[in-house]
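Asks: Whatever position you read off the sequence shown (first residue = 1), add 8 for our numbering.
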Amino acid sequence: MEISEKTEADVRFLNYILARISHAGTEGSRAMIKPHNTNTEFELGGINHVALVCSDMARTVDFYTNVLGMPLIKSLDLPGGAGQHFFFDAGNGDCVAFFWFADAPDRVPGISSPAAIPGIGDITSAVSTMNHLAFHVPAEKFDAYRQRLKEKGVRVGPVLNHDESPMQVSATVHPGVYVRSFYFQDPDGITLEFACWVKEFGPRDASTVPRTAADRRPAVPAGRP
């Protein structure tokens, strides 16, 4: 589903959101709506880095620096020829790191990472895996960034306006939408997301009762329908 047409009311609401966040300034990092709650246990400053695994470090460097524009800030050969460890600046003091291991197993779609991106297919992945990695982008540059990735040859998914409707996604922007996003994959099939918050969160936004391990559906043994 390609989301390109909006009703007049949707356009007015989106323009309101853009005007509101642009009031903070013209720089992207200042224009973004972000959660701003307080941690009373530890003074955490955000994400130092996330560490992923790639199959081809040269190809990964090309994608993250030349396609996504992230500066490479640190590179290391691991001891004993075990592999490499590279760090990219993702903005706002956050980094994305990659390991290249000489003996790493290949990716298994649907287990080590989702088989497809949201809006295209099944997004399930195994317990303890990283399902996807989302980057903040300014709301006023959201559509332009999607087009820029397409022009760079990246296959991007549809625009998803996340809300609390039964399907939790809307074809249009309305007051119930809390984040807009689209997804794509890096050369190793790691699911990435460009996202922009469009509303502040309140106490009612965190009222869902957490499920437990006992609520999981049992896995179907191999060879059985």
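Ideal placement from N, C-alpha and C gives every residue a C-beta, glycine not left out.
With respect to the beta strand (DSSP E) encompassing residue 191, which residues constitute its N-terminal and C-terminal limits?
Replies: Per DSSP, residue 191 belongs to the beta strand (DSSP E) from 187-193.
Asks: Just how far apart, CA to CA, sit residue 68 and residue 208?
Replies: So the two alpha carbons sit approximately 35 Å from each other.
Asks: So within the segment 108-179, which uninterrupted beta strand (DSSP E) runs reach at least 3 residues, ignoring any that extend past its ends?
Replies: Correct list: 141-144 and 168-170.
Asks: With respect to the beta strand (DSSP E) encompassing residue 199, which residues constitute its N-terminal and C-terminal limits?
Replies: 199-205 is the extent of the beta strand (DSSP E) around residue 199.
Asks: For the segment 123-133 against the segment 79-86, are there 3 or more C-beta pairs whose distance is under 8 Å?
Replies: Verdict: no, contact absent.
Asks: Three or more beta-carbon pairs under 8 Å between the segment 89-103 and the segment 49-61, yes or no?
Replies: Touching, yes.
Asks: Among all the DSSP beta bridges, which residues are the ones paired with residue 96?
Replies: Residue 96 is bridged to 80 and 104.
Asks: Near residue 121, what residues of its chain come up, given a Cβ to Cβ distance below 7 Å and the 5 sequence neighbours on each side ignored?
Replies: 115, 133, 137, 197, 198 and 199, listed in sequence order.
Asks: Can you list, in chain order, the residues of its chain with a C-beta nearer than 7 Å to that of residue 95? Leave out the 5 residues immediately preceding and following it.
Replies: Excluding residues within five positions, the ones whose Cβ falls inside 7 Å are 57, 81, 82, 103 and 105.
Asks: Put residue 227 into one of helix, strand or coil per three-state DSSP.
Replies: Residue 227: coil per DSSP, three-state reduction.
Asks: Among 49, 153, 73 and 181, which residue has its Cα nearest to the Cα of residue 163?
Replies: Of the candidates 49, 153, 73 and 181, the one whose C-alpha sits nearest the C-alpha of residue 163 is 153.
Asks: So the alpha helix (DSSP H) residue 221 belongs to, where does it begin and stop?
Replies: Note, residue 221: premise wrong, no alpha helix (DSSP H); not H, not E.
Asks: State buried or exposed for residue 169, treating a residue as buried only when at least 16 other CB atoms are found within 10 Å of its CB.
Replies: Classification of residue 169: buried, given that the 10 Å Cβ count is 16 or more.
Asks: According to the Cβ coordinates, are residue 107 and residue 75 closer than 7 Å?
Replies: Contact flag unset, no.
Asks: Just tell me which of 45, 52 and 194 has its CA closest to the CA of residue 124.
Replies: Considering only alpha carbons, the answer is 194.
Asks: Roughly how many angstroms lie between the CA atoms of residue 98 and residue 216, to the nearest whole one?
Replies: Cα to Cα, the separation comes out at about 31 Å.
Asks: DSSP three-state label for residue 91, please.
Replies: Reduced to three states, the DSSP call for residue 91 is strand.
Asks: Skipping 5 residues on each side, what residues in its chain have a beta carbon closer than 8 Å to that of residue 112?
Replies: Cβ neighbours of residue 112 beyond the five flanking positions: 61, 63 and 91.
Asks: So, with DSSP's three-state summary, where would you put residue 75?
Replies: DSSP places residue 75 in helix when its eight states are reduced to three.
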